[in-house]
Amino acid sequence: MNVWVIGGGLAGSEAALTLADLGFPVTLFEMRPAVMTPAHKTSKLAELVCSNSLGSLSSDNAKGELLFELKVLGSFLVNLAFEARIGGDKALVVDRELFSTLVEDAVRSHRNITVARAEITEVPEDVPCIIAPGPLIKEDLLHFLEEREGRCEAQYYDATSPSILTETIDMDYAFWGNRFGEGSDYLNVPLSKEEYYWFVEQLLNAREAHRHDFDKLDAFFERCLPVEEIARRGKESLAFGPMRPTGLAIPERFRDVHAVIQLRKENASGTILNMVGFQTGISHTNQISIFRQLPAFKNAVFVRLGQIHQNRFLPGVVNKFFQSKTNRLWFYAGQFTGTEGYLESIAGGLWAGINLARLLVGEELIPLPEESMLGGLVTYIEQSLPEVKQPMGVNWGLVPPAEGKKSERKQKRVDRARMAIEYAAGELDRVT
Ligand SMILES: Cc1cc2nc3c(=O)[nH]c(=O)nc-3n(C[C@H](O)[C@H](O)[C@H](O)COP(=O)(O)OP(=O)(O)OC[C@H]3O[C@@H](n4cnc5c(N)ncnc54)[C@H](O)[C@@H]3O)c2cc1C
Numbered sequence: 162m163n164v165w166v167i168g169g170g171l172a173g174s175e176a177a178l179t180l181a182d183l184g185f186p187v188t189l190f191e192m193r194p195a196v197m198t199p200a201h202k203t204s205k206l207a208e209l210v211c212s213n214s215l216g217s218l219s220s221d222n223a224k225g226e227l228l229f230e231l232k233v234l235g236s237f238l239v240n241l242a243f244e245a246r247i248g249g250d251k252a253l254v255v256d257r258e259l260f261s262t263l264v265e266d267a268v269r270s271h272r273n274i275t276v277a278r279a280e281i282t283e284v285p286e287d288v289p290c291i292i293a294p295g296p297l298i299k300e301d302l303l304h305f306l307e308e309r310e311g312r313c314e315a316q317y318y319d320a321t322s323p324s325i326l327t328e329t330i331d332m333d334y335a336f337w338g339n340r341f342g343e344g345s346d347y348l349n350v351p352l353s354k355e356e357y358y359w360f361v362e363q364l365l366n367a368r369e370a371h372r373h374d375f376d377k378l379d380a381f382f383e384r385c386l387p388v389e390e391i392a393r394r395g396k397e398s399l400a401f402g403p404m405r406p407t408g409l410a411i412p413e414r415f416r417d418v419h420a421v422i423q424l425r426k427e428n429a430s431g432t433i434l435n436m437v438g439f440q441t442g443i444s445h446t447n448q449i450s451i452f453r454q455l456p457a458f459k460n461a462v463f464v465r466l467g468q469i470h471q472n473r474f475l476p477g478v479v480n481k482f483f484q485s486k487t488n489r490l491w492f493y494a495g496q497f498t499g500t501e502g503y504l505e506s507i508a509g510g511l512w513a514g515i516n517l518a519r520l521l522v523g524e525e526l527i528p529l530p531e532e533s534m535l536g537g538l539v540t541y542i543e544q545s546l547p548e549v550k551q552p553m554g555v556n557w558g559l560v561p562p563a564e565g566k567k568s569e570r571k572q573k574r575v576d577r578a579r580m581a582i583e584y585a586a587g588e589l590d591r592v593t
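Position in the sequence shown counted from 1, then plus 161, gives you our numbering.
In C-alpha cells:
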C-alpha cells in the first residue's frame, strides 16, 4: 500500500526513509521550489533553516540523550548528520549543505521512494499518511487540517540569527576559544562594559522589521527569544544570557570584558560564522548599522540577517504514537505537532514512521517508556500540550525524577533513560 509523506523537511525525510526501509512504497510530497516558505532558501530536502547545530553530544545533556536514543532506534538523519559533522566541540554541528545533500541523495536513491514536487492542500481520508508540513505550513493545508481535525490553532514566534563572512571580521578585536575547554570552534568578540551598555541601548532603540499582519502577535517562544526582547527584560540580561563571558580563556590584550558575542562555524571550511543565540527581528538596515559600529564588525559582510517568522502547530491533534485522534491512518510529525527543534523534528519523523509501519502490518502500537527522553517528549505532546499550548524541546524535566542521593541522581536518570530506550528498541524489533 502506497504511503504519503507530506513535507520533505527533517521530519518528513526521516519518516519517508524509515517507512521505505521497512518495505513500504512512499510518495514524499515537497512543495519547494515552486512554493517556498519565508525561511527556506533552497529546494533541498531537510534544509536547516537557521543554526547548523543539532545540539549537544554530552550524555548528561537532554539533546545528547535524545541523540543517543535516536541512534538506538536507527535514525537515518542522525547517521547522516554525523557524516556531515564539522567542528563544534561537544555539539553535533554540521555542514548544512552537505547534510541536505546527503539526505536528498539517500531519499532519491531509495527504490521505495518517489519524490513529488507538489503542494498538498487536502489529505485523502483513506490513504495512510504522515503529515509533516513544519511550522511554516501554508494556509490551505492548515485550514483543511484545522477543519478536519476540529482543533484550535495556536501560534508562536521563532527567529533566526545573522551570519557573517569570516574573512570580513577584524581579528584584532576577536579571539578563538570554546567555553570550559580546549578547542577553537567559536570566535568570541569581547565587549567592555561601556560597549555593552551602548550595544543594549542600540537594541532597545532599534526599529523592528516590517511584519505581515498575520505575524503581528505579541508572544515569543521562551527558549528562542530575540536579543532585543532579552534586552528589554533588563540591562544585564544579555550579559548573563547569550553574551555571558563565562568559561572563556580571554587573552590579556582584552581588558574589562563584560560580555562577548560568540560566533560558530557554519560550514566545514569555516568561511561563514553564525552569531550564537542572536535571533533578532530588528530591521535589516538597523542590524547592519548596529553591528558595524563594533570594531570587529566594521567591515562585516552579512551572509544572512536575523528575522522573525510565525510558527504554527496544532495542539492536541495526536496521541502518544503521533497518530491523529480522528483518523487512524493519519500520523503527524515534526514541529507541527508542537515539538520544538531540529532533533525533535527528526525524532517525530522516526516515531511516526515506526508506528504507521506497525499499524499497516497489523502490529500493536507499543508506547515508549516515560523514563526515556523520547518517551517523555511524546507524553508531553499528548498530555500537556493541549493545555499549555507551548511547544516543547527536550529537557530533563520531561522524564520522572530519579530517586537516591542528590549527587547520583543525574547519572541515574541517564542510565535509566538508556536502559529504557534499549528495552523499547528490543520490543519494537521483536515484532516488526
Ligand atoms: C525561522 C526558523 C528558525 C528555526 N531555527 C531553529 C534552530 O536554529 N534550531 C532548531 O533546533 N530549530 C529551529 N527551528 C525549529 C524547527 O526545528 C525547524 O523548523 C525544523 O526545520 C522543523 O522540522 P519539520 O520537519 O517539522 O519542518 P520543516 O523542516 O520546515 O519541513 C517541512 C517541509 O514541508 C514542506 N511543506 C509545507 N507545507 C507543504 C505542503 N502543503 N505541501 C508540500 N510540502 C509542504 C516545506 O516546504 C518544508 O520543506 C526554526 C524554525 C523556524 C521557522
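Backbone N, C-alpha and C fix where the C-beta goes; we use that ideal spot for every residue, glycine too. Owing to the predicted nature of the structure, the values given are computational and were not obtained by experimental measurement.
Is any non-hydrogen atom of ligand 1 found closer than 7 Å to the C-beta of residue i, if you look at the structure I gave you?
i, result
"glycine 502", "yes"
"cysteine 211", "yes"
"aspartate 319", "yes"
"isoleucine 167", "yes"
"isoleucine 298", "yes"
"glutamate 308", "no"
"methionine 534", "no"
"proline 294", "yes"
"leucine 263", "no"
"serine 236", "no"
"serine 345", "no"
"methionine 192", "yes"
"alanine 172", "yes"
"phenylalanine 474", "no"
"histidine 201", "yes"
"glycine 154", "Shown here, the chain extends from 162 to 593; a query on residue 154 therefore has no answer."
"histidine 470", "yes"
"isoleucine 449", "no"
"isoleucine 281", "yes"
"threonine 179", "no"
"threonine 198", "yes"
Determine the burial state of residue i: buried for a count of at least 16 other Cβ atoms within 10 Å of its Cβ, exposed for fewer.
i, result
"serine 450", "exposed"
"leucine 365", "exposed"
"proline 530", "buried"
"alanine 223", "buried"
"lysine 566", "exposed"
"tryptophan 337", "exposed"
"valine 522", "exposed"
"glutamine 440", "buried"
"serine 533", "buried"
"leucine 386", "buried"
"glutamine 544", "exposed"
"glycine 168", "buried"
"serine 236", "buried"
"phenylalanine 485", "According to the sequence shown, residue 485 is serine rather than phenylalanine. Answer is buried; the Cβ neighbour count reaches 16."
"arginine 394", "exposed"
"aspartate 590", "exposed"
Of the residues the options, which one's Cα is nearest the Cα of residue i?
i, options, result
"glycine 431", "Phe190, Asn213 and Val288", "Asn213"
"phenylalanine 483", "Leu227, Gln471 and Thr500", "Thr500"
"isoleucine 443", "Ile325, Ala320, Val210 and Pro456", "Ala320"
"threonine 275", "Ser174, Ile325, Glu356 and Met436", "Ser174"
"aspartate 301", "Val196, Glu543 and Asn460", "Val196"
"arginine 453", "Pro323, Arg414 and Gly587", "Pro323"
"glycine 408", "Gly344, Ile469, Glu397 and Gly467", "Gly344"
"threonine 540", "Val255, Trp491 and Pro476", "Pro476"
"leucine 215", "Leu504, Val560 and Arg577", "Leu504"
"glycine 558", "Lys573, Ile515, Gly537 and Ser568", "Gly537"
"threonine 584", "Ile527, Ala429 and Pro186", "As written in the sequence, residue 584 is tyrosine, which differs from the threonine given in the question. Comparing Cα-Cα distances from tyrosine 584 to each of Ile527, Ala429 and Pro186, the minimum goes to Ile527."
"glutamine 471", "Phe190, Ser398, Asp182 and Thr198", "Thr198"
"threonine 327", "Ile582, Phe190 and Asn428", "Asn428"
"glycine 184", "Glu307, Arg519, Phe401 and Arg416", "Arg519"
"alanine 293", "Gly170, Asn240 and Met436", "Gly170"
"serine 217", "Val255, Lys573, Arg394 and Phe190", "Val255"
Beta-carbon within less than 6 Å of residue i's beta-carbon, same chain only, minus the 5 sequence neighbours each way: which residues are those?
i, result
"tryptophan 165", "Thr188, Val288 and Cys290"
"leucine 535", "Glu230, Ala508 and Leu529"
"alanine 370", "Gly442 and Ser444"
"arginine 257", "Leu209 and Asn213"
"phenylalanine 375", "Reliability fails at phenylalanine 375, whose pLDDT of 48 lies under 50, so the model's placement of it is uncertain and no value is given."
"threonine 329", "Asn460, Ala461 and Val462"
Among the residues of its own chain, which have a CB less than 8 Å from the CB of residue i, if the five just before and after it don't count?
i, result
"valine 575", "Ser220, Asp221 and Glu226"
"valine 418", "Pro351, Leu352, Ser353, Pro406 and Ile411"
"valine 361", "Ala392, Lys396 and Leu399"
Please go through the same chain and pick out, in chain order, the residues whose beta-carbon is closer than 7 Å to the beta-carbon of residue i, but skip the five residues on each side of it.
i, result
"alanine 335", "Leu348, Asn349, Val350 and Ala457"
"arginine 474", "Residue 474 is actually phenylalanine in this sequence, not arginine. So the list reads Pro296, Ala315, Gln496, Phe497, Thr498, Gly499 and Pro552, once near-sequence residues are dropped."
"glutamate 244", "Leu263"
Using beta carbons (cut-off 8 Å, strictly below), is residue i in contact with chain D?
i, result
"threonine 188", "The structure shown contains no chain D; it holds only a single protein chain."
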